[in-house]
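So the sequences go chain by chain: A and B.
First residue of the first sequence: 0, per numbering that gives the first Met the number 0; consecutive thereafter.
First residue of the second sequence: 0, per numbering that gives the first Met the number 0; consecutive thereafter.
Protein chains: 2
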Amino acid sequence: MSSIKEIAKYVGISPASVSIYLNDKNSTRVGAKTKSLIDEAVLALNYHKNVFASSLATQESRIIGIIIPTMLPLFQNDYTNTLLSGIQTRLSTFGYSMLFFPSSAKSSIEIVKEQLEKSAGCDGYILFSTGFCTMEQIRKNITEIQKTGRPFVTLNIPSVPERIHQVLIEGLETASGIPFLVSKGHRNIVLLLGRHAGVHARFLKNDYKAYITTAGIEYDENSIIYGEYDAVRAYSAVKEVLNSKPETTAICCMSDIMAAAAIKAVQESGHTVPDDISVIGRNNSLHAMLATPSITTIDLNMHQAGLSAANLLLDAVDGNTAPQKIIISGTLIERDSVAAR
Amino acid sequence: MSSIKEIAKYVGISPASVSIYLNDKNSTRVGAKTKSLIDEAVLALNYHKNVFASSLATQESRIIGIIIPTMLPLFQNDYTNTLLSGIQTRLSTFGYSMLFFPSSAKSSIEIVKEQLEKSAGCDGYILFSTGFCTMEQIRKNITEIQKTGRPFVTLNIPSVPERIHQVLIEGLETASGIPFLVSKGHRNIVLLLGRHAGVHARFLKNDYKAYITTAGIEYDENSIIYGEYDAVRAYSAVKEVLNSKPETTAICCMSDIMAAAAIKAVQESGHTVPDDISVIGRNNSLHAMLATPSITTIDLNMHQAGLSAANLLLDAVDGNTAPQKIIISGTLIERDSVAAR
DNA sequence: AAATATTGATTAAACGGTTAACATATTTTT
DNA sequence: AAAAATATGTTAACCGTTTAATCAATATTT
Chain A
0 MSSIKEIAKY VGISPASVSI YLNDKNSTRV GAKTKSLIDE AVLALNYHKN
50 VFASSLATQE SRIIGIIIPT MLPLFQNDYT NTLLSGIQTR LSTFGYSMLF
100 FPSSAKSSIE IVKEQLEKSA GCDGYILFST GFCTMEQIRK NITEIQKTGR
150 PFVTLNIPSV PERIHQVLIE GLETASGIPF LVSKGHRNIV LLLGRHAGVH
200 ARFLKNDYKA YITTAGIEYD ENSIIYGEYD AVRAYSAVKE VLNSKPETTA
250 ICCMSDIMAA AAIKAVQESG HTVPDDISVI GRNNSLHAML ATPSITTIDL
300 NMHQAGLSAA NLLLDAVDGN TAPQKIIISG TLIERDSVAA R
Chain B
0 MSSIKEIAKY VGISPASVSI YLNDKNSTRV GAKTKSLIDE AVLALNYHKN
50 VFASSLATQE SRIIGIIIPT MLPLFQNDYT NTLLSGIQTR LSTFGYSMLF
100 FPSSAKSSIE IVKEQLEKSA GCDGYILFST GFCTMEQIRK NITEIQKTGR
150 PFVTLNIPSV PERIHQVLIE GLETASGIPF LVSKGHRNIV LLLGRHAGVH
200 ARFLKNDYKA YITTAGIEYD ENSIIYGEYD AVRAYSAVKE VLNSKPETTA
250 ICCMSDIMAA AAIKAVQESG HTVPDDISVI GRNNSLHAML ATPSITTIDL
300 NMHQAGLSAA NLLLDAVDGN TAPQKIIISG TLIERDSVAA R
């Protein structure tokens, strides 16, 4: 791999001139003849700029670090992928690269620390939440990332106290399928959550309770079941609850995948969706569209959230320091998996 | 952000000692007392190593560049995500980061060029194929990447002539659902392809033709339809073919998403799957498992392919230069969407 | 013809971290 | 007690690129 020095030697000029030309092809500080000689040399010597050296010199890398404090494999989760897709779309149009870090750690804070260890030099960060963390862990993560002194945006981390750039997906803390099902006349509604622990789970449980009780329905702890955002586990959880609570008329699922699994479970228990049991999903993923019957779901607008996060960060990188909080709200997509009672 | 120099000044020693200790906590070249002083300073000054400076000095970045020559948004495609997940899993356990580059270009070669422009300094690359490219474009891409002089692995790029590291997903060039359907007694089989153009499409069409004719079935060009790997388009393509070729008894789909869409189309045309029409998918994604009926599909083992690609590259980065070709083969997953005739 | 601009280059010092080579003090060995 | 080994540091060059500060030659203005 050739360097600027070699180009300079090849052409017979100083490295400075090469750098100047390469960074601004219209520069008046390099003569026309020299310019074409440099072009020639670049081709002849296969020159590619070393971004790291360049970043070091300019103190700007045009690289954004993506911090996802999870030990699960990446790119396997519908939510995360949609978010990432939005982020990438926006970053890409502004010429920014995305860097994903490795981590061998087992706890959320450790992961963030490890990832930041390898990251100083990025122009900014996007910090993902993961359903696993406790509020305290999240707060520690944020302090950790603040220490870098670089701009960052938290994505989908509820009730961050500090005044920082953040994008919130309103629907994530909200079991908004519940009031919809209530409005359709349902009174025996099972809530199919993802994780047991973590901030999101707590929010959702509270939310469910509030909705249920204001509707004058008795709250039953056993109406909350868990599917770990996994099709197989959701399937068996639903099968179980169908036995233990046969009065159930609706299932409110925290992901479309779990909703699709729920439908399978309902059907294979000899009932039909939506006539016997209604099912509502979340995320408006392809799964919701393709299921039979197609699934009524809540579009969290995660792609938009990703775009907004990238926008916010890019602003912050440009020096706009006033902390902003962007709230993305969900929209109900009515399809065929919910019937009125 | 503090530097090694500041740490050194804080402790009252030379930057070299700090660097030596930070890179090897057990180094005998730094005294125990000094070690703890450095630790203290690191915390006090919020030191984070600048990877770029470090990469520059060591000529090793522990960053792998991921080159995906597509203008579509990333992280939206089942295949690509599974592959990426495999790659990330392996790279992460060996402490490597993944870098995704932006691109504004419109052609595959331009994209690769642009991305490499921003990438020199990576320890290696993984070059994805995308169904869009022609063989010539692919070859140009490879020359382009070879010019960097860094190790690289091509992923899922069929018949690469050069002797380079490569991982091939056998099933991708093969319409292996066809012989299976034939063996089940089907003779009027529609092939639902993704893209019209590109290498893969050509391979698949040939493959289909070969299977069909050796089975003694007359080849009909109209039996090949296109769904662009998109649920909506696949749905309408299937609806159409059900009209134009009512004798159809089976549909061989090149993705599970298209298979799920096909099932919808079949059902909404008043037929049942698999009794009237059999459907086979590809990729063994969640869609195949969750559809009703669940979809018989071909698992391409893409995750394994990702792992292998990462392995290969890591070997190459370590100086193992003998080019290897790894072939990942598919496995049939029988479920409920195919019936015998 | 002197003063002023313009053009096309160069020099040298960063950026932050690494590392081979060298230096000094302290222990251990003989 | 001298020689050898060990422990603990330091110096200084280098990685590849950028950029403020200069400089020299040529062109333009007055």
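Even glycine gets a Cβ: it sits at the ideal position worked out from N, Cα and C.
Cβ neighbours of residue i in the same chain (closer than 6 Å, five flanking residues each side left out)
{"i": "A:ARG186", "result": "ILE216"}
{"i": "B:VAL50", "result": "none"}
{"i": "A:SER307", "result": "VAL166 and ILE325"}
{"i": "B:PRO322", "result": "ARG162, ILE163 and HIS164"}
{"i": "A:GLY85", "result": "HIS302, GLY305 and LEU306"}
{"i": "A:ILE346", "result": "Nothing in the structure corresponds to residue 346 of chain A, since chain A is present only between 0 and 340."}
{"i": "B:VAL134", "result": "Reading the sequence as shown, one finds Met at residue 134 of chain B and not Val. So the qualifying residues of the chain are VAL198."}
{"i": "A:VAL342", "result": "Nothing can be reported for residue 342 of chain A, as the shown portion of chain A is limited to 0 through 340."}
{"i": "B:VAL278", "result": "ILE250, ALA258, ALA261, ILE262, VAL272 and SER336"}
{"i": "B:SER128", "result": "ASN155 and ILE156"}
{"i": "A:GLU169", "result": "ILE326 and SER328"}
{"i": "A:SER106", "result": "none"}
DSSP-derived helix/strand/coil call for residue i
{"i": "B:LYS105", "result": "coil"}
{"i": "A:MET97", "result": "strand"}
{"i": "A:GLN368", "result": "Nothing about residue 368 of chain A can be reported from this structure: the residues present for chain A run from 0 to 340 only."}
{"i": "A:VAL337", "result": "coil"}
{"i": "A:GLN165", "result": "strand"}
{"i": "B:GLY170", "result": "helix"}
{"i": "B:LEU71", "result": "coil"}
{"i": "B:ILE62", "result": "strand"}
{"i": "A:ASP77", "result": "helix"}
{"i": "B:LEU331", "result": "strand"}
{"i": "A:GLY30", "result": "coil"}
{"i": "B:ILE110", "result": "helix"}
{"i": "B:GLY176", "result": "helix"}
{"i": "A:THR295", "result": "strand"}
Cβ neighbours of residue i in the same chain (closer than 7 Å, five flanking residues each side left out)
{"i": "A:ALA174", "result": "LEU190, LEU203, ASP206, TYR207, TYR210 and CYS251"}
{"i": "B:LEU90", "result": "ILE63, MET97 and ALA309"}
{"i": "B:TYR234", "result": "ALA260, LYS263 and ALA264"}
{"i": "A:GLY148", "result": "none"}
{"i": "A:VAL159", "result": "ILE141, THR153 and GLN165"}
{"i": "B:ASN45", "result": "SER1"}
{"i": "B:GLY342", "result": "This structure does not reach residue 342 of chain B, given that chain B is present from 0 up to 340, and the question cannot be answered."}
Same chain only: Cβ atoms within 8 Å of residue i, ignoring 5 sequence neighbours per side
{"i": "B:SER293", "result": "ALA287, ARG334, ASP335 and SER336"}
{"i": "B:SER103", "result": "GLU113"}
Local Cβ density within 10 Å of residue i, reported as buried at 16 or more and exposed below that
{"i": "A:ASP274", "result": "exposed"}
{"i": "A:ILE326", "result": "exposed"}
{"i": "A:LEU42", "result": "exposed"}
{"i": "B:LYS117", "result": "buried"}
{"i": "B:VAL231", "result": "exposed"}
{"i": "A:THR142", "result": "exposed"}
{"i": "B:THR330", "result": "exposed"}
{"i": "A:HIS199", "result": "buried"}
{"i": "B:TYR218", "result": "exposed"}
{"i": "A:SER13", "result": "exposed"}
{"i": "B:THR88", "result": "buried"}
{"i": "B:ALA136", "result": "Per the sequence shown, residue 136 of chain B should be read as Gln rather than Ala. Under this definition B:GLN136 is a buried residue."}
{"i": "B:THR82", "result": "For the sequence presented, residue 82 of chain B should be read as Leu rather than Thr. B:LEU82 comes out buried."}
{"i": "B:THR79", "result": "buried"}
Please list the residues of the stretch 112-146 of chain A that have a C-beta atom closer than 8 Å to any C-beta atom in chain B, keeping them in chain order.
-> For the stretch 112-146 of chain A, which is checked against every Cβ of chain B, the residues closer than 8 Å are LEU115, GLU116, LYS117, SER118, ALA119, GLY120 and LYS146.
3-residue-minimum beta strand (DSSP E) runs that sit fully inside the stretch 32-59 of chain A, ordered along the chain | You should have found no qualifying run.
Which runs of the alpha helix (DSSP H), 4 residues or longer, sit entirely within the stretch 178-221 of chain B?
-> Counting whole runs of 4 or more residues, the stretch 178-221 of chain B contains the alpha helix (DSSP H) stretches 198-213.
Taking any Cβ of chain A, which residues in the stretch 95-114 of chain B have a Cβ under 8 Å from it, in chain order?
-> Flagged, chain order: TYR95, SER96, MET97, LEU98, PHE99, PHE100, PRO101, SER102 and SER103.
Pick out the complete alpha helix (DSSP H) segments inside the stretch 223-278 of chain A, 4 residues or longer, and give them in chain order.
-> Counting only runs that start and end inside the stretch 223-278 of chain A, the alpha helix (DSSP H) elements of at least 4 residues fall at 230-243 and 255-267.
Beta strand (DSSP E) runs wholly inside the stretch 118-162 of chain B, at least 3 long, in chain order | Fully enclosed beta strand (DSSP E) runs of 3 or longer: 123-127 and 151-154.
Relative to chain B, which residues along the stretch 269-292 of chain A have a C-beta separation below 8 Å, given in chain order?
-> Against chain B - using a Cβ distance shorter than 8 Å - the residues of the stretch 269-292 of chain A are LEU285, HIS286, MET288, LEU289, ALA290 and THR291.
Minimum length 3: unbroken beta strand (DSSP E) runs contained in the stretch 303-328 of chain B | Complete beta strand (DSSP E) runs here, min 3: 324-327.
Residues from the stretch 305-316 of chain A in contact with chain B, defined by Cβ distance under 7 Å | Answer set for the stretch 305-316 of chain A: empty.
Can you list, in chain order, the residues of the stretch 222-254 of chain B whose Cβ is nearer than 7 Å to any Cβ on chain A?
-> Within the stretch 222-254 of chain B, the residues whose Cβ lies closer than 7 Å to some Cβ of chain A are ALA230, listed in chain order.
Using Cβ-Cβ distances below 7 Å, what residues of the stretch 66-91 of chain B are close to chain A?
-> Those residues of the stretch 66-91 of chain B that come within reach of chain A (Cβ to Cβ, closer than 7 Å) are PRO72, LEU73, PHE74, GLN75, ASN80, LEU83, SER84, GLN87, THR88, LEU90 and SER91.
The stretch 28-47 of chain A: which residues have C-beta closer than 8 Å to a C-beta of chain B, in chain order?
-> Residues passing the 8 Å Cβ filter: ASN45 and HIS47.
With 7 Å as the limit, tell me which residues of the stretch 149-160 of chain A have their beta carbon closer than that to any beta carbon of chain B; keep them in chain order.
-> Listed in sequence order: no entries.
Of the residues that make up the stretch 203-220 of chain B, which ones have a beta carbon closer than 8 Å to any beta carbon in chain A?
-> From the stretch 203-220 of chain B, no residue has a Cβ closer than 8 Å to chain A.
Contact set between the stretch 52-64 of chain A and chain B, restricted to residues whose Cβ is under 8 Å from the partner = Within the stretch 52-64 of chain A, those residues whose Cβ lies closer than 8 Å to any Cβ of chain B are, in chain order, ALA52, SER54, LEU55, SER60, ARG61 and ILE62.
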